[in-house]
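Following: one structure in structure tokens, then a few remarks.
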Amino acid sequence: MEIIEYHPRRDQLVYTFGGSAPVLTVQPGTALRLWTEDAFNNALTSVDDVSGEKVDLNFVNPQTGPFYVEGAEPGDTLALHVVDLTPARSYGASATIPFFGGLTTTDRTATLHEPLPDITWIYHVDTERRTVGFQSRLGDFEVALPLEPMLGTVGVAPPGGEVRSALVPERFGGNMDAPDVKSGTTVYLGVNVEGALFSVGDGHYRQGEGEACGTAVEGAMYSTIIVELIKGGAPAWPRLETDYHWMAVGSSRPMEDSWRIGQLEMIRWFSDLFGLHQLDAYQLLTQTALAPIANAVDANYSVVVKAPKALFPATDAYGGLHAHLRRQAAELR
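Numbering (the numbering used here), first residue to last: 5 to 337.
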């Protein structure tokens, strides 16, 4: 397996999906060892830094990429297997940002109340104990939380020449903020343009479901990812697979439409996996699905619909590609 390392300079980071020339061409079957910057572009490094003074909204959620995948054509399925995610710094940052987050006035939910204060929290990483430390800013409390690295953004170029902000989750993937995009997960994305042009970024050292205040424990990340290509079969929306679940991610507003998208995509996947009529798949999903909220704060909200593999007869999605990638991943560790 070819292994390529890529650490972008600051001027090589991109802030959109679509609209950027590829930084590298890679063959299917390649492993990439990447570095990604945090969502704040390393603007918040201490509790004295606040977003209103330090964060440039034109340069948030920087992406590493895009990467051109040789042979990828519209209608194909890009498979990205996350082998490993390791914090690239000894700290991560989070913040309450005025007029941003799930429990405050926003540009779409307009009320008379004042914005929440602009406050930064710094979480220190203990690599030996694999924890991140929370320290309260407005009281005297601290707790060590498990380190659970994930990628907030993974996506391909949208169709039709569109250029979308790296803050947006949609059919192309993007800023889904799904905690399930972690080590051991395979992400399936429909290819929209020649070469797929995928990018990754927005590393989180941990995040609760929903990302309630709008920012996780944001941090720079070292990522190892295996790139594979399936000819044809493009899913309409992102799909995820782990050893334990099949998942579909819907991103829209209002949130019930995100839920509906994920449900429908899992019904379609059940039909493919088990040869079920759509209504039988609908009935089966109704009795088995989990539906955690990935984020409730972005331009679109994301909901992950999960089907536990243990409840179903053994079967292989995409010809058993996930299991194959897991074996390859074991050789890279």
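C-beta: ideal position from N, C-alpha, C; glycine also. This one's a predicted model, so the numbers in the text were calculated from it and none came from an experiment.
Could you pull the DSSP bridge partners for residue i from this structure?
i    : result
E245 : T190, W250
F21  : R168
G56  : None, per the DSSP bridge assignment.
E232 : A83
N299 : G214, S306
M225 : T40, P91
P26  : Its beta-bridge partners do not exist; DSSP assigns none.
D130 : T135
Q67  : V18, G205
G106 : For G106, which the question treats as bridged, DSSP gives no partner whatsoever.
L2   : The structure shown does not extend to residue 2, since the chain spans only 5 to 337, so no value can be given for it.
S50  : In the DSSP output, where bridge partners are listed per residue, S50 has none listed.
S140 : S140 pairs with nothing; no bridge assigned.
Return the residue from the list the options that minimises the CA-CA distance to residue i.
i    : options                : result
P317 : G279, Q287, T40        : G279
R272 : L289, E260, F103       : L289
Q332 : D53, A238, T190, T135  : T190
V18  : P32, L171, P153        : L171
R175 : S98, L116, G159        : G159
S140 : T100, A252, I8, R134   : T100
P91  : H117, E6, T135, L283   : T135
N304 : W263, S256, A298       : S256
P153 : T49, L89, P163, P296   : L89
G22  : T131, T109, S55, S169  : S169
D60  : D53, N45, W263, V51    : N45
P121 : T108, F202, Q282, T131 : T108
P70  : G199, Q282, A240       : G199
S203 : D15, N62, V73          : V73
Let's see if you can read the secondary structure: which residues bound the alpha helix (DSSP H) around residue i?
i    : result
Y286 : 282-290
G266 : 259-278
A334 : 325-336
Quick one: residues in its chain with C-beta nearer than 6 Å to the C-beta of residue i, no 5 flanking neighbours on either side, listed in chain order?
i    : result
P346 : Since the first and last residues shown for the chain are 5 and 337, residue 346 lies out of range.
T81  : Y192, I234, G237, A238
G223 : D42, P91, R93, G96, G207, Y209
R243 : Y192, A252
I123 : T100, R141
V197 : A161
S227 : L38, L89
Between which two residues does the beta strand (DSSP E) harbouring residue i extend?
i    : result
G205 : 200-208
H85  : 81-91
M154 : 154-159
L149 : 146-150
Y10  : 7-10
Just to check my reading of the structure: residue i and residue j have Cβ atoms closer than 8 Å, yes? What is that Cβ distance to the nearest angstrom?
i    : j    : result
K310 : A293 : 7 Å
L329 : I230 : 6 Å
G106 : G188 : At roughly 28 Å, the Cβ-Cβ gap does not stay under 8 Å, so G106 and G188 are not in contact.
V307 : G266 : 5 Å
W39  : H85  : 18 Å between Cβ atoms; not a contact.
Go through its chain and collect everything with a Cβ distance to residue i's Cβ below 8 Å, but skip five positions before and after it.
i    : result
G33  : M5, E6, I230, V231, E232
E146 : G137, F138, Q139, S140
T49  : Y95, A97, I126
I8   : L28, V30, T34, A35, L36, R37
S275 : H281, Q282, A285
Sorted by chain position, which residues of the same chain lie with C-beta nearer than 7 Å to residue i's C-beta, five sequence neighbours on each side aside?
i    : result
K313 : Y248, H249, W250
A321 : E245, W250, L277
N65  : Y19, A43, T157, A170, L171, N179, G205, D206
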